Structure formats: structure tokens, C-alpha cells
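Okay, so here's the structure we're looking at.
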Amino acid sequence: MNPINRIITIANQKGGVGKTTTAINLATALAAIGEHVLIIDLDPQGNASTGLGIDRRDRAVSSYDLLMGTHSVQETVLPTAVPNLSIVPSTMDLLGFEMEISQQADRVFRLKRALTQIALPYSYIILDCPPSFNLLTMNAMAAAQSVLVPLQCEFFALEGLSQLLETVNQVKQTVNPGLDIQGIVLTMFDARNNLAQQVVNDVRTYLGDKVYHTLIPRNVRVSEAPSYGKPAILYDLKCAGSQAYLQLASEVIQRERRRKAA
Numbered sequence: 001m002n003p004i005n006r007i008i009t010i011a012n013q014k015g016g017v018g019k020t021t022t023a024i025n026l027a028t029a030l031a032a033i034g035e036h037v038l039i040i041d042l043d044p045q046g047n048a049s050t051g052l053g054i055d056r057r058d059r060a061v062s063s064y065d066l067l068m069g070t071h072s073v074q075e076t077v078l079p080t081a082v083p084n085l086s087i088v089p090s091t092m093d094l095l096g097f098e099m100e101i102s103q104q105a106d107r108v109f110r111l112k113r114a115l116t117q118i119a120l121p122y123s124y125i126i127l128d129c130p131p132s133f134n135l136l137t138m139n140a141m142a143a144a145q146s147v148l149v150p151l152q153c154e155f156f157a158l159e160g161l162s163q164l165l166e167t168v169n170q171v172k173q174t175v176n177p178g179l180d181i182q183g184i185v186l187t188m189f190d191a192r193n194n195l196a197q198q199v200v201n202d203v204r205t206y207l208g209d210k211v212y213h214t215l216i217p218r219n220v221r222v223s224e225a226p227s228y229g230k231p232a233i234l235y236d237l238k239c240a241g242s243q244a245y246l247q248l249a250s251e252v253i254q255r256e257r258r259r260k261a262a
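The numbers in the UniProt record's numbering rise by one with no breaks, and the one at position 181 of the sequence shown is 181.
Listed below in C-alpha cells is the structure:
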């Protein structure tokens, strides 16, 4: 039996919402509390790979090769500086993926097939998607059990969220009946900003307990960390952003326990 407990897609078609920051730091926080975690970087920009210190020269094989079926997970995975955390890195080759397989009947299920061919020793697999709804994101949603949505505390947040929830619903109806919303993570929260608090209230009114209690604050140390090739939790464990991601990881695990017990 495959030991994977959860495959979580982190997605939002809007850029600049803290998607990759959330992927890196949630994965690191889960690893820090003893979970075995794999990130698969599906964004051609490769920010998750860079943010975890994977030099571009070391990406001889990547998520592109995994999706194309020429290499397995074991052949594409690399260790990171974080114990218990590995990554399948990304390269710009992903830019050609959609064009190359657009006529293939299994084009939506490439990632799912790669992840289910053999047993993998991870309790969580985190899929970091590009900031658009394309064939890469579709593969991620087809392979995952749930979608975690980072949502910036700004004026247009709810508008973009409605579009994403509709997309998830369409994927659920067409290619992955088991897909669900893992939760909404409110990011870049500034307690001094009345609008940010209003967004928090609106999202919680709209989605109730789907919204995590943890608020990810705007934090300079979290923003600095990727330039050093480190997740914020390694760069500055005590900063507010790192502490928030540790709290988020705890919430994710608690929700998983409740889901399994239900």
C-alpha cells in the first residue's frame, strides 16, 4: 500500500499572494515536526527550488522529466538542507510541456501516474503550481487530494478566490472526484491595515471553517530568506513569519487527524 498520507496542491491563479513562500515554509514546518515531506516544483520559474537552495546547475533532471515520463520520482528528487524535506526541482523546460503533450489523451494525468506507480516514503507531498490555470496546474489538481489556497489580504482577494473555487469544482466534476479544499491561508496580513482585517472578516464569513485560524503576517525576514536559498524557518526561526508557518503546519496536521477520524 502506498504510504503517502496526503498530496496537497498549493494553487492560486493570481501571482504575488505568497504561494511559493507558503509551499516552502509549510513543507519545512511539517518536516521540522517529524513528517517526511516532498515538494514538487511545477512552476517554470523554479522559485521553490531556488528558495530551498537548489542551484540551477544541479537540476540535470527535473519535474519536466517526471511529467514527460522519462524519469521516476526517485530519479528526479534531490535532498535539501532541511532534514526530512526533499524536492523535485523545476527548470524552464516546463514552459514547453503544454505544447508537447497537448494532443496526448493522458495529458492531465501525467503527474498522478508518476506518483502512483510505486510506493513513496512521504507523509506529505506538496505541489507548488505556477500562478495561472494551465496544464501544469491541472496535473497537480488531478494528482492531489486537496487544494490549499494562499490568499493575500487585499481588496481583490475575494474576486480571485471565487474564480479559483469554481476551477476546483470543475476539476472535481471532470477529472478528480476526490478533490477538496484543504483550507484557505490568509497571507501578508498587516494588523495596522483596516482593509486587511476587513478581508479576513469577509473571507471567514464566506468560507467559515475552511479558513485557517493562522494569519501569515507581512514579514521582512520571510521576504529576505529566498535570496539566501533558505526557508524562513531556517533563516530566522524566531521571526513572526516563521512562527506563523509553524502554527499553520500544526493546524494542517490537526485537520488531517480529524479527517481520518471522521
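The beta carbon of each residue, even a glycine, is placed where N, CA and C say it ideally should be.
Keep in mind that this is a model prediction, so the values were computed, not measured.
- Our two residues, R255 and V211, have alpha carbons roughly 12 angstroms apart in a direct line.
- Cβ-Cβ distances below 7 angstroms link Y122 to I4, H36, V37 and L38 in the same chain, with the five nearest sequence neighbours on each side left out; the list follows chain order.
- Per the C-alpha coordinates, the member of T28, T167, L195 and I118 positioned closest to H71 is I118.
- The region 41-59 and the region 145-164 do not touch, with fewer than three beta-carbon pairs separated by less than 8 angstroms.
- Membership of Q173 in any beta strand (DSSP E) is not indicated; the residue belongs instead to the alpha helix (DSSP H) covering A157 to T174.
- Comparing C-alpha distances from A23 to each of T187, A114 and L195 shows the shortest one belongs to T187.
- Secondary structure note for I253: its alpha helix (DSSP H) is the uninterrupted segment A240 to A261.
- Taken atom to atom, the span from the alpha-carbon of L246 to that of Q103 is near 42 angstroms.
- Under the criterion of beta carbons closer than 8 angstroms, L164 and Q13 qualify as touching, at roughly 6 angstroms.
- In this structure S86 is in contact with L78, their Cβ atoms being roughly 7 angstroms apart against a cut-off of 8 angstroms.
- The three-state secondary structure of F97, taken from DSSP, is helix.
- A distance below 9 angstroms separates the beta carbons of A11 and A140.
- Assigned with DSSP and collapsed to three states, I54 falls in coil, not helix or strand.
- It is roughly 16 angstroms from the alpha-carbon of A114 to the alpha-carbon of L135.
- The DSSP-derived three-state label of D128 is strand.
- T9 is a Cβ neighbour of V147, given a cutoff of 9 angstroms.
- Bridge pairing for Q152: T187 [DSSP].
- Within the same chain, and ignoring the five residues on either side of V17 in sequence, the residues whose Cβ sits closer than 7 angstroms to its Cβ are P150, L151, Q152 and T187.
- Secondary structure at S90: coil, using DSSP grouped into helix, strand and coil.
- DSSP places T28 inside the alpha helix (DSSP H), whose first and last residues are K19 to A32.
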